[in-house]
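Accompanying notes for the structure given below.
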């Protein structure tokens with residue numbers, strides 16, 4: 001794996017305009033080694049169990065939610081600082097696909113669903129309709 005100093009030095013010579021989705025993917029893979037989330041391999045007896053009863057040798061990885069939040073903040077910062085959305089390396093198709101693969105594989109490995117929460121639509125609060133007058137006969 002690339003050491004932090006070498007990795008930082010290799011990217012420091014590139015301006016943000018020169019960076020691509022491939023550089024972002026390299027960065028995400030580099031970050032993965034510092035993760036704290038247990039992601040079970042398919043051969044692990046605890047594959048698909050969110051709370052395994054015993055320790056296992058499966059690797060620790062960056063959690064999908066952390067990576068997704070980081071990329072979201074970097075994408076916004078790029079555009080807030082004058083970058084065009086169409087040239088934003090953090091919004092590249094390859095990055096979106098990578099994040100989707102990480103989400104899906106972690107969901108299966110950990111037995112956790114990452115389904116999108118459905119938004120509750122605000123109810124159309126309408127004033128009560130006046131009832132028709134009753135006919136006293």
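In the UniProt record's numbering, the protein residues as written are 1 to 137. No residue lacks a Cβ here, since even glycine has one placed at the ideal position from N, Cα and C.
- Of all alpha-carbon atoms in 67, 87 and 47, the one lying nearest the alpha-carbon of residue 33 is that of 67.
- Distance between residue 43 and residue 109, taken at the CA atoms: about 10 Å.
- Taken in chain order, the unbroken stretches of alpha helix (DSSP H) that lie wholly in the segment 42-113 and span 4 residues or more are 64-80 and 93-110.
- In this structure, residue 60 places its C-beta atom within 8 Å of the C-beta atom of residue 36.
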